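Report on the following structure.
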Amino acid sequence: MDDKILICFYYNSIEAHMDILKKFEDDVFLIYGFDNIDDNTLENFNLQNILINSLGKNYKKDTINIISNIESLIIDLFKKYSFEYNSFIFDNSISIKEEINLINEDYVCKYNFNLYSVIKWNTKIDYCILTDTNVYKYSNYKLKNFLKSSKEICENNELFKYYLNLDNKSNRIKEYINKLNSKDREKTEEIIEKELKNNDILYRIYISSFLLYTFKKKIYGDKILDIVLNLKALNKNNCFFIIYQLISRGFSDNRISNSLDNNKINMIYDKVFDDFERNMGEYNYIPKNERNEDVIFVFTSQFIAIQHGPTKTALDRCYNLIKYMNKRVFLINTKELITTKGIVLMDNIRSGSIIEEYSNIKEFRYKDLYIPYYQPIYNMPEENECRNILDLVKKHKPYLMFNIGGYSIVADLASKIAPLATISTSGNYSISKTKGQFFIMGCKPQKSDYDYISKLGYKKQAIIESPFTFDLKPQKDNYSRKDFGIPENAFVVCVIGARLQREIDEEFIYTLDKIIAKGCFVVIIGKYELPNEFLEKYPNMNNNFKILGFQKDILACIDLVDIYINPNRQGGGTSAVECMYKGKPAISLKHGDVSILIEEELLVRNYEEMTDLVEMCKKNPQFYIQMSNKVKLKAMDLMDTRKYLNQMYDNIVNNTLFE
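Position one of the sequence shown corresponds to residue 79 (the working numbering), numbered consecutively onward.
Here it is as structure tokens:
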């Protein structure tokens, strides 16, 4: 653990306070003392300069604790820096400098839960009595402060701007809870669960989301979904926002995904869609013989950087439709993915990335083509923008439309005018939620898939099986292992992703530690920080682990590794294919997108089997070469968008359901 530092500011001699300071010294705090501070000093008090002069520029803020017997100073520092430094302690044990009427009651959501006093304090500010040196420990006070903060924001919309403060507290509480023993963890869960009896619906939604993301139990997912299904006070945008928050969290955490009832999510989506459809006015379906065979619309819910998988997928489909099938294509970014329209307070709110400048362009250059492009300026789905897009569909009369993904109100509304085929991009490339006419599956349909669409009123011909294909960003550079400090002779295992901070849990770190113990070196490609506690707990990680961060030339980096492993997540398809293209075997658990793409021999049931398979690849060169050759061939096939898009198109337009 990093050094614990206590900075002391006293208006009198520090010697008078050695009893309390001795406790911190015994708890291995480094103590820096400043005493005999007068009022003139307070007027020009600069904490940051003091810290730099005392500790240098490279100190870690979460190691800093501040104690003072000057009431006005400790309150002022707390209000300014409560989310920057670890704790603020009012030492009122002996003598204090107090200013009457200085401290007024304030909202606790504005500040962190790290204000302490040595003994009882006559103040309206929320604080905790210091017990020994408990500034790094969990306490019921912190939990109560967190709950009170969330209640304040739910009850007063003007306080919503402090929701990031609440996230900070929420994350700390989760860290504390995860370190508790099972008995204390259950007690804490019971305390929080009692808040679900509160009459405030928005507060119940927030608390349910916190419980779901912390304890990952279906009961809490059901709490949220049942509220949304049954409460008329929430409008359609609130409902759409909530289900996208849940879908997003489930995408990066299978335990949350398994705690969500997809039937209820789909019922909410249906409710939202029906509400939008009622307000759109009348748009008639255009028969096949009146539509333009040369025109295709492509919808995507998010369009950002070319490194982004779904963005690349949309561009690749558009490119092939124009270049090899001679179609006029219109690409529309509906901006619906993880929308903030209809925002309500939920734990750690996520929002989809948006490049606002794209709302000003009319075409997007990709390779040697310019693709007509439209992006709404408003937060979506917005009714007037929905009408604008429907008017475009009505005007151009597309022969067929594709939706990349699912859960798109805009694309589904358009399916009332022309046929829509929805291409699944995740969830094992199985059926996506859509109101369109065709379901494009990247895996072999099962009886359950046909039963599912039958209940929705579709015939089995509505499912079109078509491998999900990829177009990789060309390699421009060539690196050596030396460039990144990777041992030349090591067997290098890589993990790749854009959301690894959320997707890598301790179970996977434990697996990496065991893989390293087998004589391997682990490389992370993507944004990730290994928590210090894991470095202490898993010492193998210290000298056999490298984080390369985000890399623009991913294929050049993959040249440096030997094998790819996929953590327990839904995504990872693009990075797996990138590795396969370079002849690097990809190993995955038997679920998620990667499991659909890789060879059967490289699928495992659990992390223990994953460790054994990595060791087999390392020790058995013949098996490794065999797998390397197989994955290369598989990757080349998965990159043949031209072939499979042609087949998909023909299977749709020649389908008896295509009208």
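The C-beta atom is built at its ideal place from N, Cα and C for all residues, glycine as well. Remember, it's a predicted structure, so these values are computed and weren't measured experimentally.
Flag this pair as yes or no: are the beta carbons of threonine 500 and leucine 716 separated by less than 7 Å? no
Go ahead and label aspartate 425 buried or exposed: buried means 16 or more other beta carbons lie within 10 angstroms of its beta carbon, across all protein chains shown. buried
Following the continuous alpha helix (DSSP H) through valine 376, name the residue where it begins and the one where it ends. No alpha helix (DSSP H) holds valine 376; the beta strand (DSSP E) holding it covers 370-378.
Methionine 66: buried (16+ other C-beta within 10 angstroms of its C-beta) or exposed? What the structure shows of the chain is the stretch from 79 to 737, and residue 66 is not part of that stretch, so it cannot be assessed.
What would DSSP say about arginine 720, mapped onto helix, strand or coil? helix
When you compare the CB positions of tyrosine 361 and isoleucine 574, do they come within less than 7 Å of one another, or not? no
Here's the rule: buried if 16 or more other CB atoms are within 10 angstroms of the residue's CB, otherwise exposed. What is phenylalanine 599? buried
Could you tell me which uninterrupted alpha helix (DSSP H) segments, each at least 4 residues in length, are contained entirely in the segment 129-166, listed from first to last along the chain? 149-159
Since I believe isoleucine 410 is in contact with tyrosine 452 (beta carbons under 8 Å), could you give me their beta-carbon distance rounded to a whole number of angstroms? 5 Å
Excluding the 5 residues preceding and the 5 following serine 502 in the sequence, name in chain order all residues of the same chain whose CB lies nearer than 8 Å to its CB. Gly483, Gly484, Ser508, Ile509, Ser510, Phe517, Ile518, Met519, Gly520, Phe546
Closest Cα partner of phenylalanine 329 within the set Lys314, Tyr291, Met705, Asn277: Tyr291
Return helix, strand or coil for isoleucine 674, following the three-state DSSP convention. helix
From what residue to what residue does the alpha helix (DSSP H) around threonine 500 run? Counting along the chain, threonine 500 falls outside any alpha helix (DSSP H), though it belongs to the beta strand (DSSP E) covering 498-501.
Status (buried if at least 16 other CB within 10 Å, exposed otherwise) for valine 571: buried
For the ligand SAM, is there a heavy atom less than 6 Å away from the beta-carbon of glycine 484? With respect to the ligand SAM, the structure offers nothing, as it holds no ligand at all.
Below 8 Å on the Cβ atoms is my contact criterion, and I expect asparagine 164 with asparagine 147 to pass it. Report the Cβ-Cβ distance as a whole number of Å. In fact, because the Cβ distance is near 19 Å, the residues do not count as touching under 8 Å.
Taking just the CA atoms, how far does tyrosine 110 sit from leucine 84? 6 Å
Per DSSP, what kind of secondary structure is valine 213 in: helix, strand or coil? helix
Strictly by DSSP, which residues pair up with glycine 627? Ile603, Gly604
Spatial neighbours of phenylalanine 102 in its chain, beta-carbon cut-off 7 Å, leaving aside the 5 residues before and after: Leu84, Ile109, Thr211
To which residues does DSSP link glutamate 543 through a beta bridge? Met519
Output the distance between the C-alpha atoms of aspartate 262 and aspartate 339, rounded to the nearest integer angstrom. 29 Å
Please list, in chain order, all residues of the same chain as glutamate 656 whose beta carbon is under 7 Å from its beta carbon, the five residues on each side excluded. Leu550, Ile632, Leu633, Ile636
For asparagine 411: DSSP bridge partner residues: Thr378
Under a three-way DSSP split, which group does tyrosine 110 fall into? strand
How far does the alpha helix (DSSP H) with phenylalanine 224 in it extend, from its first residue to its last? 218-233
Within a Cβ cutoff of 7 Å, which residues of the same chain sit near lysine 157, ignoring the five residues on either side of it in sequence? Tyr189
Proximity winner among Leu312, Leu244, Leu289, Asp97, relative to lysine 301 (alpha-carbon distances): Leu289
Could you give the DSSP three-state label for tyrosine 451: helix, strand or coil? strand
Using the C-alpha atoms, what's the distance from proline 476 back to leucine 470? 10 Å
To the nearest angstrom, report how far apart phenylalanine 736 and alanine 383 are at their CA atoms. 34 Å
Whole-Å CB distance - serine 379 paired with threonine 412, under 8 Å assumed: 5 Å
Going by DSSP, what residue range makes up the alpha helix (DSSP H) through methionine 658? 651-659
Any chance the segment 316-331 sits against the segment 340-351, with 3 or more Cβ pairs inside 8 Å? yes
In the DSSP assignment, the beta strand (DSSP E) including asparagine 27 goes from what residue to what residue? There is simply no residue 27 to check, as the chain begins at 79 and stops at 737 in what is shown.
From the DSSP output, in three-state form, read off isoleucine 416 for me. coil
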